[in-house]
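J.: Submitted below is the structure of interest, expressed as structure tokens.
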Amino acid sequence: MEGEPEQNASAPEGETPSPEDTLKKSLETQEKETEKSSSDQESAPTNSSDDSEEVEDEVNFELKYSESSLDDILSARKELYESSEEFRAQRDELNLKSQENITSRNSFNTKVKELMESVEKHRETRNTLNEKVAELKSSRKEATNKAEKLRQDFLDLKKSKFANSRLPPIFKIRKELKELEIKQMTTPLTTSKERGLVEKIGLLQQQIREYNEMLDSDSDVAEARSNYKDSEKSRKIILKEMNQTRQEAQREHDQMYRDLKKSRSTRKKADSYQRAFIKSKTEADGIHENYIELLKEIQAIDRIIGDRRKATSSPGEATETMASADELYQKFLGGDKLTTNELMVIQKAGLL
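Under my numbering, the first residue of the sequence shown is numbered 149, with each subsequent residue one higher.
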């Protein structure tokens, strides 16, 4: 019975045990169960009805093949073995597919984990930057109030100090100067028009210089004006930093959202492989159950065949079989690899 299928056929990691190893485990398990059953029978009433399903199966198989010839039984065994091999191949293929689905699922779950770690990192950075924006916003408000107060102090002092002087409308002068400078740089002009524009720009610049010289002539006004300019400069620095920090916080938020969106799509892929794994694993388990049922019947047939051959064998043949079993058992103890048929010989001889 070379190439006998194994007893325990589930291979969740995609590895199929050899028939010899699994049959050996099966025989050890059966031996333990037999010892346990004998022990239970010694302590239990004689008419106990708690017979194992395995014994019931053996009785049924005995009845099933009781009227069949040895050739018919061997033919039936061959068909059962071929069917069991088909089941085993289908099961192993599904188990391999299940393992592939698990590998893909784990890979996508790892990506989801990395993306969620990135999401959390960007969220923390964004929140820290938003807190800084709030602090800068408060500082900017204080700086704005201070600059406005110093500006008003400067204007009031300037008005009181130069009450009898005709101050030029400096705001309008600066605005007009800026417009003329832009026009000079962007508009093509004739030589005469450009000369006139340059003269006008020079006149406005002169008026601004005279205005500044007049204000600087009074130390109090000059100091008030300097304080106002310094406060305005500080306000603009805070405003610039606040805007830059707000932009950084927005970039962190946008990246967080992209990673979160990607993690959701990746998680869907992981879930699809999980569903595929459950489907293939369920199918493999169902086929494995059918395989085990065939294997039980094959082992029952092997016992029936052995019993019939033993009943028809001569004393000399029985002695020869025992001698062969002893020899095989010594090989087994020595670590030699035995075929399934040889293991069955050892078992039938009561040595294993």
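For every residue, glycine included, the Cβ atom is placed at its ideal position computed from N, Cα and C.
Computed from a prediction, not measured in an experiment: that's the story for all the values here.
Tell me whether GLU445 is buried or exposed, calling it buried when 16 or more other Cβ atoms sit within 10 Å of its Cβ.
T.: By one-based count along the sequence shown, residue 445 stands at place 297. Per the 10 Å Cβ criterion, buried.
J.: Can you tell me whether GLU400 is buried or exposed, with buried defined as 16 or more other CB within 10 angstroms of its CB?
T.: Position 252 of the sequence shown, counting from 1, holds the residue named residue 400. Its Cβ being crowded by 16 or more others within 10 Å, GLU400 is buried.
J.: What residue does the alpha helix (DSSP H) around ALA311 start on, and which one ends it?
T.: Locating residue 311 in the sequence shown gives position 163, counting from the first residue. Unbroken run through ALA311: none, as it is neither H nor E.
J.: Indicate whether SER379 and ALA295 have their beta-carbon atoms separated by less than 8 Å.
T.: The count along the sequence shown starts at 1 and reaches residue 379 at position 231. The count along the sequence shown starts at 1 and reaches residue 295 at position 147. Yes, they are a contact pair.
J.: Taking the beta carbon of ILE426 as the centre, do at least 16 other beta carbons fall within 10 Å, making it buried, or is it exposed?
T.: Residue 426 sits at position 278 when you count from the first residue of the sequence shown. By the 10 Å Cβ count, ILE426 comes out exposed.
J.: For GLY483, which three-state DSSP category applies?
T.: Numbered from its first residue, the sequence shown carries residue 483 at position 335. In the structure shown, GLY483 sits in coil (DSSP, three-state: anything other than H, G, I, E or B).
J.: Count the other C-beta atoms from every protein chain shown that fall within 10 angstroms of the C-beta of SER186, then say buried if there are 16 or more, exposed otherwise.
T.: Here the question's residue 186 lines up with position 38 in the sequence shown. Here SER186 scores only 40 on pLDDT, less than 50, and its place in the model is too uncertain to base an answer on.
J.: Check this for me: beta carbons of LEU442 and SER232, under 8 Å apart or not?
T.: Start at 1 with the first residue of the sequence shown, and residue 442 comes out as number 294. Start at 1 with the first residue of the sequence shown, and residue 232 comes out as number 84. A contact, by the Cβ cut-off of 8 Å.
J.: Measuring CA to CA, which of ASP450, SER420, GLU327 and GLU396 is closest to LEU222?
T.: Here residue 222 refers to the residue found at position 74 of the sequence shown. Ranking ASP450, SER420, GLU327 and GLU396 by Cα distance to LEU222 puts ASP450 first.
J.: Could you tell me whether the Cβ atoms of LEU325 and GLN353 are closer together than 8 Å?
T.: Along the sequence shown, one-based indexing puts residue 325 at 177. Along the sequence shown, one-based indexing puts residue 353 at 205. Result yes, Cβ atoms of LEU325 and GLN353 sit closer than 8 Å.
J.: What residue range does the alpha helix (DSSP H) around GLU210 cover?
T.: In the sequence shown, the residue the question calls residue 210 occupies position 62. Start and end: 201 to 212.
J.: Where do the N-terminal and C-terminal ends of the alpha helix (DSSP H) with THR338 fall, by residue?
T.: Start at 1 with the first residue of the sequence shown, and residue 338 comes out as number 190. Premise fails: THR338 is in no alpha helix (DSSP H) and is neither H nor E.
J.: In chain order, what residues of the same chain lie with their CB nearer than 7 Å to the CB of ARG225, ignoring the 5 residues before and after it?
T.: Counted from its first residue, the sequence shown places residue 225 at position 77. Counting only residues of its own chain and dropping the five nearest sequence neighbours on each side, ARG225 has a CB closer than 7 Å to the CB of ILE446 and ILE449.
J.: Per DSSP, what kind of secondary structure is SER252 in: helix, strand or coil?
T.: Walking along the sequence shown from the start, residue 252 turns up at place 104. Correct three-state label for SER252: helix.
J.: Note down, in chain order, each residue of its chain lying with its Cβ closer than 6 Å to the Cβ of ASP364, except the 5 sequence neighbours on either side.
T.: Along the sequence shown, read from residue 1 onward, the residue named residue 364 stands at position 216. Closer than 6 Å at the Cβ level, and outside the excluded window around ASP364, lie ALA370.
J.: Looking at ILE385 and LEU284, is the spacing between their C-beta atoms short of 8 Å?
T.: Translated into positions along the sequence shown, residue 284 becomes position 136. Translated into positions along the sequence shown, residue 385 becomes position 237. Contact flag unset, no.
J.: Could you tell me the alpha carbon to alpha carbon distance between THR164 and ARG236, rounded to whole angstroms?
T.: Here residue 164 refers to the residue found at position 16 of the sequence shown. Here residue 236 refers to the residue found at position 88 of the sequence shown. Summary for THR164: the model assigns pLDDT 42, below 50, so the residue's position carries little reliability; its value from the coordinates is reported in the next sentence. Near 9 Å, if we compare the C-alpha coordinates of ARG236 and THR164.
J.: If we ignore side chains and look at the alpha-carbon of each, how far apart do SER308 and GLU389 end up?
T.: As a working note, residue 308 is residue 160 in the sequence shown. As a working note, residue 389 is residue 241 in the sequence shown. Near 37 Å, if we compare the C-alpha coordinates of GLU389 and SER308.
J.: How far does the alpha helix (DSSP H) with SER365 in it extend, from its first residue to its last?
T.: For this step, residue 365 is matched to residue 217 along the sequence shown. Annotation: SER365 is outside any alpha helix (DSSP H) and is labelled neither H nor E by DSSP.
J.: Who are the near neighbours of LYS410 in its chain, counting only those whose CB is closer than 7 Å to its CB and skipping five residues on each side?
T.: Here residue 410 corresponds to residue number 262 of the sequence shown, with the count starting at 1. Taken in chain order, the residues that qualify are LEU263.
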